[in-house]
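First the structure, in the form of structure tokens, and then the observations on it.
Number of protein chains: 2
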Amino acid sequence: MTSTDAAPLAGADLSRLSLNQATIKYADLETVVAECVRAGVPGVGLWREPVAEYGLARSADLVRKAGLEVTSLCRGGFFTSADPGERAAALEDNRRAVDECAELGTSVLVLVSGGLPAGSTDVDGARERVADALGELGPYAQERGVRLAVEPLHPMFCSDRCVVSTLDQAVDLASRFPVEQVGVVVDAYHVWWDPNVYQAIERAGERIASYQVCDWVTPLPADVLLGRGMMGDGCVELARLREAVERAGYDGPIEVEIFNQGLWDAAPREVVDLTVERYRRHVW
Amino acid sequence: MTSTDAAPLAGADLSRLSLNQATIKYADLETVVAECVRAGVPGVGLWREPVAEYGLARSADLVRKAGLEVTSLCRGGFFTSADPGERAAALEDNRRAVDECAELGTSVLVLVSGGLPAGSTDVDGARERVADALGELGPYAQERGVRLAVEPLHPMFCSDRCVVSTLDQAVDLASRFPVEQVGVVVDAYHVWWDPNVYQAIERAGERIASYQVCDWVTPLPADVLLGRGMMGDGCVELARLREAVERAGYDGPIEVEIFNQGLWDAAPREVVDLTVERYRRHVW
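Chains as they are written, first to last, in this note's numbering: chain A, 11 to 294; chain B, 11 to 294.
What follows is the structure in structure tokens.
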């Protein structure tokens, strides 16, 4: 242990830290796992594409043998097409994602619900199709020990990625289904600006399936998807939000998920070490 | 009148249309005024900088002689500094903006409230300083026949431009003060994504001081401030929102305000003609 002036905070011991592999996107799965083990990070959030590339059973085996917990799988969703064929394909793809969660040993399937179909202005219709899909998939997920975790995305993604734009809306959606089937993701990046976020977190309660962190930095880059910053580089009250999700009853993993070209271009080891340092300093 | 298959809609006669001069940003004030007159646009929204450049009294005279209504002045605000000197300067600047409204004959001062001060993460504090400023400025504005119009900006601007992020929040803020002193702006671009926007508009009622339109288009450009699209190019339900503000009791000007490099690079006349055409087709 490093000596510090202040007494260490409970939790700052990394026991709840999880590294989402997208934070070191260009590292292969073996490197991700090795880096987590080296740095004492006990959890890892995985993405379907790199898992498929490495092989599902092989990925599950790798992570299990390393003693890591898979804290989430990204991602299902994209439920908003009004075309019956596309809709059926999306549902089928989400069932596969649920199966992958079960094999990887995680109960959390993160859902990016989908934006408006091309040319459509019917945001209410798109939102209702998300609810329909949750209703269809919920029982399938529950039977496999997986919870559908609806992630509200920042409103700047409403038209093209996710029509679920606030935590309150995600909780409204989730609450139409059994709590074992549908939860919500609280991602600090997406919700920090919301004047109602603390009430929404309290209301979310046991629906909270995941707490994710990174920071809001400006200016936004041309591809706003890559605008996330390392914790401490921006203006999000990460510790306050963590305390709020804890008061709401959530004591699960805290997953660091950052899409940032600068971090992707850096050495994975540096990024992991920085993640640990910033997690200790800014989340706790 | 052009012949059409359908009966013309009430309002599609342009009687409520206003052109915000930022839509043809590079046109000088005389061109803006001449273009409005030529195209039969009866209202114009002005900005302080070009008005100051042309001269305040001269601007007022120009617009009055052309028979145009000044539907708003942009902009006051930037209330969030915690530094006493900066705060006093902001209040003084806003009093000048109120005076300018009075001279130009508009009752609407649009407020962009300000983002987080550099290095700050205290969004609640910044929001409270906005309320404090409204309280200080409200009586001054009312005495001059001007209403402070709080504009909620899209949450992607929360950190660097405006900590007022939803219409509900703007209404909450405004409602702490007399209705003659503080109103809200409903700008379709900033609020369309909000799952709660229609309830918020109903609740806003007589607080609505202005309805502004443009469209949400993706991908967002590197400077997201310039990401606005011409009506009909995006996914905003402009007619539905107009109907909602009308049901809430608003029957005032509908102001077209678009920051878009492509439109700025086009001939003002083309942009004004396109604005009129798209207004008829997509707002009505």
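Note that beta-carbon positions come from the ideal geometry of N, C-alpha and C, so glycine has one too.
1. One question on the structure: do E110 (chain B) and A67 (chain B) come within less than 8 Å of each other, judged by their Cβ atoms?
2. When you compare each of A:F167, A:E216, A:S169, A:A258 to A184 (chain A) by their alpha carbons, which one comes out closest?
3. At what residues does the alpha helix (DSSP H) containing Y150 (chain B) begin and finish?
4. Let me confirm a value: E9 (chain A) is counted as buried when at least 16 other C-beta atoms fall within 10 Å, else exposed. Which label applies?
5. Quick one: which chain A residues come within Cβ less than 8 Å of M166 (chain B)?
6. Does the beta carbon of S117 (chain A) come closer than 8 Å to any beta carbon on chain B?
7. What separation, rounded to the nearest whole angstrom, lies between the Cα atoms of T14 (chain B) and R288 (chain B)?
8. Under 7 Å, CB to CB, which of the residues in the segment 163-193 of chain B have a partner in chain A?
9. So, at 7 Å on beta carbons, what are the nonlocal neighbours of I211 (chain B) in its own chain, with the 5 sequence-adjacent residues on each side left out?
10. Run the CB neighbour count on G298 (chain A), radius 10 Å, all protein chains shown included, and call it buried at 16 or more, exposed below.
11. For V227 (chain A), collect the residues of the same chain with a Cβ closer than 6 Å to its Cβ; drop the 5 residues on either side in sequence, then sort them by chain order.
12. Take L39 (chain A) as the anchor and find which of A:P60, A:L29, A:W294, A:W202 has the nearest alpha-carbon.
13. Name the DSSP bridge partner or partners of R238 (chain A)?
14. For I218 (chain A) and C84 (chain B), I'd like the C-alpha separation in whole angstroms.
15. Compile a chain-ordered list of the residues in the segment 241-255 of chain A whose CB is closer than 8 Å to at least one CB of chain B.
16. Run through DSSP, which three-state label would D103 (chain B) get?
17. Does DSSP put L66 (chain B) in a helix, a strand or coil?
18. Quick one: any contact between the segment 44-52 of chain B and the segment 27-36 of chain B, if contact means 3 or more CB pairs under 8 Å?
19. Please name the residue in B:V120, B:C168, B:Q179, B:Y64 whose C-alpha comes closest to that of A151 (chain B).
20. Between S91 (chain B) and chain A, is the shortest Cβ-Cβ distance under 8 Å, so that the two count as touching?
21. Please classify E247 (chain A): does DSSP put it in a helix, a strand, or coil?
22. Between B:R290, B:V174, B:D275, B:A107, which lies nearest to R139 (chain B) when the distance is taken from Cα to Cα?
23. Can you pull the chain B residues whose beta carbon is under 7 Å from the beta carbon of L126 (chain A), in chain order?
24. Using CA atoms only, rank isn't needed, just tell me which of A:A276, A:G86, A:R291, A:A198 is closest to R252 (chain A).
Looking at the coordinates:
1. Along the second sequence, one-based indexing puts residue 110 (chain B) at 100. Along the second sequence, one-based indexing puts residue 67 (chain B) at 57. In this structure, A67 (chain B) does not lie closer than 8 Å to E110 (chain B) by Cβ.
2. Working through the first sequence from its first residue, we reach residue 184 (chain A) at position 174. A:E216 is the residue among A:F167, A:E216, A:S169, A:A258 whose C-alpha sits nearest the C-alpha of A184 (chain A).
3. Against the second sequence, residue 150 (chain B) aligns to sequence position 140. Per DSSP, Y150 (chain B) belongs to the alpha helix (DSSP H) from 133-153.
4. This structure cannot settle anything about residue 9 (chain A), because the visible part of chain A is limited to 11 through 294.
5. Position 156 of the second sequence holds residue 166 (chain B). The contacting residues are H164, P165, M166, L230, V234.
6. Taking the first residue of the first sequence as 1, we reach residue 117 (chain A) at position 107. Using beta-carbon distances, S117 (chain A) does not count as an interface residue toward chain B, since no partner is under 8 Å.
7. The residue you call residue 14 (chain B) lines up with position 4 of the second sequence. The residue you call residue 288 (chain B) lines up with position 278 of the second sequence. Bear in mind that the predicted position of T14 (chain B) carries a pLDDT of just 41, short of 50, making it too unreliable to give a figure here.
8. Those would be H164, P165, M166, C168, S169, D170, S175, T176, Q179, in chain order.
9. Position 201 of the second sequence, counted from the first residue, corresponds to residue 211 (chain B). So the qualifying residues of the chain are L177, V196, A254, V255, A258.
10. One cannot answer for residue 298 (chain A) here, as it falls past the ends of chain A, which runs 11 to 294.
11. Counting from 1 along the first sequence, the entry for residue 227 (chain A) is found at position 217. Same-chain partners within the cutoff: G239, D243, G244.
12. Residue numbering aside, residue 39 (chain A) sits at position 29 when the first sequence is read from its first letter. Closest by C-alpha distance to L39 (chain A), out of A:P60, A:L29, A:W294, A:W202, is A:P60.
13. Counting from one through the first sequence, the residue named residue 238 (chain A) turns up at place 228. The partner list for R238 (chain A) (beta bridge, DSSP) reads A:W226.
14. Walking along the first sequence from the start, residue 218 (chain A) turns up at place 208. Walking along the second sequence from the start, residue 84 (chain B) turns up at place 74. Distance between the alpha carbons of I218 (chain A) and C84 (chain B): 42 Å.
15. Within the segment 241-255 of chain A, the qualifying residues are G244, C245, V246, E247.
16. Here residue 103 (chain B) refers to the residue found at position 93 when the second sequence is read from its first residue. In the three-state reduction of the DSSP assignment, D103 (chain B) falls in the helix class.
17. As a working mapping, residue 66 (chain B) is identified with position 56 in the second sequence. If DSSP states are grouped into helix, strand and coil, L66 (chain B) belongs with the helices.
18. Counting Cβ pairs under 8 Å, three or more are found: they touch.
19. The residue labelled residue 151 (chain B) in the question sits at position 141 within the second sequence. When each option's Cα is compared against that of A151 (chain B), the closest is B:V120.
20. Position 81 of the second sequence, counting from 1, holds the residue named residue 91 (chain B). No, because no Cβ of chain A sits closer than 8 Å to the Cβ of S91 (chain B).
21. The sequence position of residue 247 (chain A) within the first sequence is 237, counting from 1. In this structure, E247 (chain A) counts as coil in the three-state DSSP scheme.
22. Locating residue 139 (chain B) in the second sequence gives position 129, counting from the first residue. The alpha carbon of R139 (chain B) has as its nearest neighbour, out of B:R290, B:V174, B:D275, B:A107, the alpha carbon of B:V174.
23. Taking the first residue of the first sequence as 1, we reach residue 126 (chain A) at position 116. For L126 (chain A), the neighbours in chain B by C-beta distance under 7 Å run, in chain order, C245.
24. In the first sequence, counting from the first residue as 1, residue 252 (chain A) sits at position 242. Comparing Cα positions, the closest option is A:A198.
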